[in-house]
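Undergrad:
2 protein chains.
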Amino acid sequence: MAAPLRLGIAGLGTVGVGVLRILRRQQALLAARTGREISVSAICARDRRKDRGISLTAHDWEDDPVALARRDDVDVFVELMGGSDGPAKAATEAALDAGKDVVTANKALLAMHGQALAERAENSGRTIRYEAAVAGGIPVIKALTEGLAANEVTRVMGVMNGTCNYILTRMENAGLPYDEVFREADALGYLEADPTLDVGGIDAGHKLAILSAIAFGARPDFDGIEIEGIERVSIDDIRHAADMGYRIKLLGVTQRTGRGLEQRMQPCLVPASSPLGQLEGGTNMVVIEGDAVEQVVLRGPGAGEGPTASAVLGDVCDIARGLRLPTFGQPAASLQDLPRASTGLPAPYYLRMALDDKPGAMAKVASVLGDAGISIDRMRQYAHSDDTAPVLIVTHKTTRSALDLALAAMEQTGVVATRPVALRIEHL
Amino acid sequence: MAAPLRLGIAGLGTVGVGVLRILRRQQALLAARTGREISVSAICARDRRKDRGISLTAHDWEDDPVALARRDDVDVFVELMGGSDGPAKAATEAALDAGKDVVTANKALLAMHGQALAERAENSGRTIRYEAAVAGGIPVIKALTEGLAANEVTRVMGVMNGTCNYILTRMENAGLPYDEVFREADALGYLEADPTLDVGGIDAGHKLAILSAIAFGARPDFDGIEIEGIERVSIDDIRHAADMGYRIKLLGVTQRTGRGLEQRMQPCLVPASSPLGQLEGGTNMVVIEGDAVEQVVLRGPGAGEGPTASAVLGDVCDIARGLRLPTFGQPAASLQDLPRASTGLPAPYYLRMALDDKPGAMAKVASVLGDAGISIDRMRQYAHSDDTAPVLIVTHKTTRSALDLALAAMEQTGVVATRPVALRIEHL
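These protein sequence lines are chains A and B, in that order. Per the working numbering, the first sequence starts with residue 259, numbered consecutively. Per the working numbering, the second sequence starts with residue 259, numbered consecutively.
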């Protein structure tokens, strides 16, 4: 048997503890599969005295993750601290410079500094693996980088933030408004310390930036993603969408178009009967489309101790087995700086508006849409007791820019109380 | 850039031609991703003159696959001929003995001779990869062997024969009997030359044997699988199952129980609303459950030129990148000879019988079940015009052996026309 693979683990939250638990429980299994013993030389976290439910006395303790990353008895630096900058970045850089491989669950770090880190890893002949950074326990990074490597990827899309999906499905199933479910999720500990990371779509955006880089051989471009969170999704929209056979999901889409790379993370309507539409709670789903494979769909738990630790240790097993890939599947220098295509590909849209209950009001709305070249697929006006009528319109395919002009013009007519809600409809 | 990776391809059916097409179309992409040019030194097939729709003049032709496998200018032998013995086996062995890596789509070969081939590969320091052998374009071998390597797998299940799933969904959607849809599928070219391989569950069984070996570190044991084909699934059963919220699928299940390895490939009822229940046509789905990851579901095309070629070339890319794993994820010598657990874990069952329309008939059936300790979850008797009444029973969990005793006793009562149909119900 080859020499043991020695880990240094920085960050002992849920995932770090999960990694230690699996390493202890499955020591023999991991050795059988990788041909090496996997050991933990040292660990590091913010608070040494915190009770984490497992004994830590078997491992050296370091207060400084950078010192941990540089230790002679560490082969792989496992970064589970999080944060795009600060200690996580400093320690990852130190590890690579010291000739260690890195395994991380840190999506923000990769999305923001992936290019520089990829170059750094290549300069040291080391690898950065990050299966746990995207879609929890689902081995999607591996599927995209390796299993589907012979494909020219055409589109990747998915639901990649379990907290948002929990909130949206809970709103629908319990008929509760956003604010109330948000408070519930917070009380359950489902939200990040800064909840905007979740509900604002930032966290899911980080994941999308990583998938884009691999799928299209592009430099990670988080700032190029059009991001819209779920904060403004109302229970009314969820109900109306359901009424027309749709469900609302925070959906990430990345695709290469003739004009460049289109990356979006936004609440969308998807058919309720589609795989994405049926996704409940904290489950994640990623759909990969390629010229050869057509479509592969991967589904699994998006977070949690076991699933995320499974992904971290899958990466560790790869390294133990000698697999070292360029960070985004091809050499960093070959990653392209793709132009950003504003989200211009036409799609059908769902519109909801509060229409004045006056003769001619509907005609004005309809003619604004007609003037903008937008045709109506379906329309519903609901019964109402006040002086505005809830009106839903599903358009045929149109561009977002044409739609935005029409929505502005609609406001000018004076027959809609506020600017209509507009949500893209995505068909699988 | 490293030296080119030179392939020898044996078998130029749909998949072989697909591999050549992708290699030509995506030459630059594959080189960017693997760091090497991937070239084809020589090819081989049964009939040199057959028109395959692409030019083959750029490659040397060999009539003998064994000679192809041994060529000095071949680094990887790509076996796409099929068949568990004969030329496929001889050429694969020759390739390994000559120090070549092997990529194959041949599930029968691996299921029947996997252990010996794995040992042979290890003796030569070479690898056998076979992503295309299971579930077409879905990178499930990679997910199980690598991505989920840190898991103690608890169960793997799935729909792995697209032809059977096509037949079953077509029967349901068109309301057609088995024989008619079978003839349709045959006319469409969906069936193997020996259709028993498909509809008899043999092909899917080969795939299950491979998944079992990886999941449980066991020697492949195809003969240990309890296999039942779809030939006796009737349109009546499909309709009645649908009526109670189920769909019938040819479902493979492998799990390790206290008594050994339980492997089954048989028509089962699954909830119509479950991911497996919703699988249409030729699509495949594999569900992997592990102690850490909980449950991961993979879905994609189970066959076809593009998807299968995608899987073959994914393996080629792995080899180009230097990844060489033991065939079933751990050294062949460490694979265990697990005892066969007869399919004894209790499950609910669907029973359909033609009951004599006489006073006391139902009481007799019910008391036979009661005497066997089998309790009834749901029962329906349908209106009928002749003198036997269609009766459906869904039992609570029971063992197959208790059920078989009860079914035999039921026949003895003289109130059922023939032995009742019994199908296992599998909940995800």
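The beta carbon of each residue, even a glycine, is placed where N, CA and C say it ideally should be.
ALA369/B to ALA451/B, Cα distance in whole Å?
TA: 19 Å
Undergrad: At least one CB of chain A closer than 8 Å to the CB of VAL554/B: is that the case?
TA: yes
Undergrad: Can you check whether the C-beta of VAL551/B is within less than 8 Å of a C-beta belonging to chain A?
TA: yes
Undergrad: Compare the Cα-Cα distances from GLY631/B to each of ARG310/B, ARG658/B, GLY394/B and SER299/B and report the closest residue.
TA: ARG658/B
Undergrad: Can you name the residues of chain B whose CB is closer than 8 Å to the CB of SER212/A?
TA: Because chain A here runs from 259 to 686, residue 212/A falls outside it and cannot be looked at.
Undergrad: Around the C-beta of PRO617/A, are 16 or more other C-beta atoms found within 10 angstroms, so that it is buried, or is it exposed?
TA: Around the beta carbon of PRO617/A, fewer than 16 other beta carbons sit within 10 angstroms, so the residue counts as exposed.
Undergrad: Please list the partners that ALA290/A has in chain B, where partner means a Cβ-to-Cβ separation under 7 Å.
TA: GLY475, GLN588 and SER592
Undergrad: Could you name the residues that DSSP lists as bridge partners for LEU265/B?
TA: VAL298/B and VAL334/B
Undergrad: Is the segment 596-614 of chain B in contact with the segment 672-679 of chain B, if contact means three or more CB pairs nearer than 8 Å?
TA: yes
Undergrad: Tell me the start and end of each unbroken beta strand (DSSP E) in the segment 634-672 of chain B that is at least 3 residues and wholly inside, in chain order.
TA: 634-639 and 646-653
Undergrad: Could you tell me the distance, in whole angstroms, from the CA atom of GLU538/A to the CA atom of VAL439/B?
TA: When the Cα atoms are used, GLU538/A and VAL439/B turn out to be separated by approximately 35 Å.
Undergrad: Using the rule of at least 16 other Cβ atoms within 10 Å of the residue's Cβ for burial, across every protein chain shown, is ASP359/A buried or exposed?
TA: buried
Undergrad: For a contact meaning CB atoms closer than 7 Å, what does PRO435/B contact in chain A?
TA: Simply none; closest approach about 27 Å.
Undergrad: Given this structure, state the Cα-to-Cα distance separating ILE651/B from ASP635/B, to the nearest angstrom.
TA: Using only the alpha carbons, I get a separation of about 8 Å.
Undergrad: Do the CB positions of ARG294/A and ALA605/A come within less than 8 Å of each other?
TA: no
Undergrad: Using the three-state DSSP reduction, which class does GLN285/A fall into: helix, strand or coil?
TA: helix
Undergrad: Just to check my reading of the structure: VAL324/A and LEU265/A have Cβ atoms closer than 8 Å, yes? What is that Cβ distance to the nearest angstrom?
TA: Not confirmed; about 16 Å, so no contact.
Undergrad: Under a Cβ-count criterion, where at least 16 other Cβ atoms within 10 Å of its own Cβ denotes burial, should ALA445/A be classed as buried or exposed?
TA: exposed
Undergrad: Taking its Cβ as the centre, do 16 or more other Cβ atoms sit within 10 Å of ASN409/A, making it buried, or is it exposed?
TA: buried
Undergrad: Check the C-beta distance from ILE493/B over to MET429/B and give it rounded, since I have them as a contact under 8 Å.
TA: 6 Å
Undergrad: Are any of the Cβ atoms in chain A nearer than 8 Å to that of LEU338/B?
TA: no
Undergrad: Show which residues of chain A have a CB atom less than 7 Å away from the CB atom of GLN284/B.
TA: Within chain A, the residues near GLN284/B are ALA408 and GLU410.
Undergrad: Take GLY463/B as the anchor and find which of GLY420/B, GLY447/B and LEU434/B has the nearest alpha-carbon.
TA: GLY420/B
Undergrad: Please report the distance separating the alpha-carbon of LEU406/A from that of ARG387/B.
TA: 14 Å
Undergrad: The segment 286-318 of chain A: which residues have C-beta closer than 8 Å to a C-beta of chain B, in chain order?
TA: LEU287, LEU288, ALA290, ARG291, THR292 and GLY293
Undergrad: Buried or exposed: where does GLY540/A fall if 16 or more other Cβ atoms within 10 Å of its Cβ makes it buried?
TA: buried
Undergrad: Scan the segment 604-624 of chain A for residues whose Cβ lies nearer than 7 Å to a Cβ of chain E and list them as they occur along the chain.
TA: In the structure shown, chain E does not exist; the protein chains are A and B.
Undergrad: Where does the unbroken beta strand (DSSP E) through VAL491/A begin, and where does it stop?
TA: Neither: VAL491/A is in no beta strand (DSSP E) and is coded neither H nor E.
Undergrad: Would you check if there are 3 or more beta carbon pairs closer than 8 Å linking the segment 512-523 of chain A to the segment 370-379 of chain A?
TA: no
Undergrad: Is there a Cβ of chain A sitting closer than 8 Å to that of GLY572/B, yes or no?
TA: yes
Undergrad: For HIS468/A, which of helix, strand or coil comes out of DSSP?
TA: The sequence as given places Ile at residue 468/A; His does not occur at that position. The answer is helix: DSSP assigns ILE468/A an H, G or I state.
Undergrad: Chain B beta carbons: is any one of them nearer than 8 Å to that of ARG636/A?
TA: no
Undergrad: Taking the alpha carbon of VAL574/B as the point to measure from, which residue in GLY395/A, GLU404/A, THR272/A and LEU281/A has its own alpha carbon closest?
TA: VAL574/B has its Cα closest to that of GLU404/A, out of GLY395/A, GLU404/A, THR272/A and LEU281/A.
Undergrad: Is the CB of PRO397/A under 8 Å away from at least one CB in chain B?
TA: yes
Undergrad: Closer than 7 Å, Cβ to any Cβ of chain A: which residues of the segment 494-516 of chain B, in chain order?
TA: none
Undergrad: Which residues share a DSSP beta bridge with PRO584/B?
TA: Paired residue(s): none; PRO584/B is not in a bridge.
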